[in-house]
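Just so we're aligned, residue 802 is where the sequence shown starts under the working numbering, counting upward by one. Accompanying notes for the structure given below.
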Amino acid sequence: MDVSKAVLEIQSRLGIVGRARELQKALVALMSGRHVLLEGPVGVGKTTIAVAMARWLGREVVRVDGDERYYESKLVGHWDPPIVMKKGYCREAFVEGPLVRAMMHGAVLLINELNRLPESAQNVLLPALDEGIVYIPNLGEVKARPEFRVIATQNTEEHVGVSKLSEAVKDRFVLVRLDYPPEEEECEIVKLRSGVSSEDITLTSVKIVRALRGNPIVRRGPSIRASIDLAVLVSSLNSGGKPTRETWIEAAEMCVPTRMDVDPSVDISTLIRRAVEAVLGNFT
C-alpha cells in the first residue's frame, strides 16, 4: 500500500486538514495488525481522525464513549433472561456488547476517551487486544476476525473521573500523539467547520484562542472548538461591516470560559478582554 497516497485520499475524501504525519503513522500501525491509541489535548480531532481512518479502510465502526459507569458487562454483552429461561445459555440468548460485535464482524472498535473507562472494563480488553479472544461464561471463547482493530483516544490532561491507563493496557497499543495544528491549518479547520466565509473573522478567532492557549497562566487552553464557535458567534452577532471590539469580547466570553482552566484567583473575563484587545490591536 502506498501510504502517502492513502493519506492524500483520506484528507481529500473525508475532509481532514493536515495531519499527514499522524495519519501515516496510524495507517501503518493498523495495516500491520496493530491497535492504535491517539493521544492529545481536548478538541484536536482525535475522534475525527479515528473515524476517517476506519471509513477509508472500509470497516464498520462500533463506537464506545468512555464513561466511569461503563462496566465490563456493558462492553462485552449480557444474557437475555427470557430467552435463557426458555432455551438456556445458547448463542441466541446472548446480546452482543460493542467489543464482541466488533470482534465478530471484523469491525473497528472506536473507544473515545479510553481512560474514562473503569479499570475493570479496561482489563476486559486485554485478551481481545493481545490474542483476539474474549471468554464469555456459559458461552465459551469468542474469537475475533482478522480485520478486527481497536482505535482508542485519550486526552493528555487529567480530569475528574479519568482513570490512568495501566501499563498492561498501554502495552497493547501503538501510540500516536496529536498536538494543536499550526495556525494556518487551524484557520482552514475553522473555515470548514464553521461555515463562516469571512477570512478576517476566522483568522481573528483563531488568533484570539491561540493567544489564550499560549498564555503561561492558563493551565488548559481553549480547544479548536472554541475557535469554531467564536467565529460562528461573531458572524451571527455582527450586524454588518467589521465586527466591533465589544462584539469580539461578548462572543469570546460566551464560548471560551467553559473550555479553559485557570487558577481560581484569575479573572477570566479580564484575561479574555486582554487577549481580544491584544489581537485586535495588532490588526490596526
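We put the beta carbon where it would ideally sit given N, CA and C, even for glycine.
Query	Result
Under the three-state reduction of DSSP, which class applies to Lys992: helix, strand or coil?	helix
When DSSP labels each residue in this structure, what does Pro1065 get in the three-state scheme?	coil
For Gly1082, does the three-state DSSP call read helix, strand or coil?	helix
Span of the beta strand (DSSP E) holding Asp866?	862-866
Which first and last residues belong to the alpha helix (DSSP H) in which Ile934 is found?	Segment 934-937 is the beta strand (DSSP E) holding Ile934; no alpha helix (DSSP H) there.
Do Ile1121 and Met854 have their C-beta atoms closer together than 8 Å?	Residue 1121 lies beyond the residue range present for the chain, which begins at 802 and ends at 1085; the question has no answer from this structure.
Run through DSSP, which three-state label would Gly962 get?	With a pLDDT of only 47 at Gly962, under the threshold of 50, the placement of this residue in the model should not be trusted; the figure read from the coordinates follows. Here Gly962 sits in coil by DSSP.
If you scan the segment 907-951 from start to end, which runs of the beta strand (DSSP E) of 3 or more residues do you find wholly inside it?	909-913, 934-937, 941-944
Just checking, does the segment 1054-1070 make contact with the segment 1010-1022 on the three C-beta pairs under 8 Å criterion?	yes
Contact check, Ser1024 vs Gly844 under 8 Å by CB: the rounded distance?	3 Å
Which residues mark the beginning and the end of the alpha helix (DSSP H) in which Arg814 is found?	804-815
Which residue comes first and which comes last in the alpha helix (DSSP H) that contains Val885?	882-888
Quick check on DSSP: helix, strand or coil for Leu839?	strand
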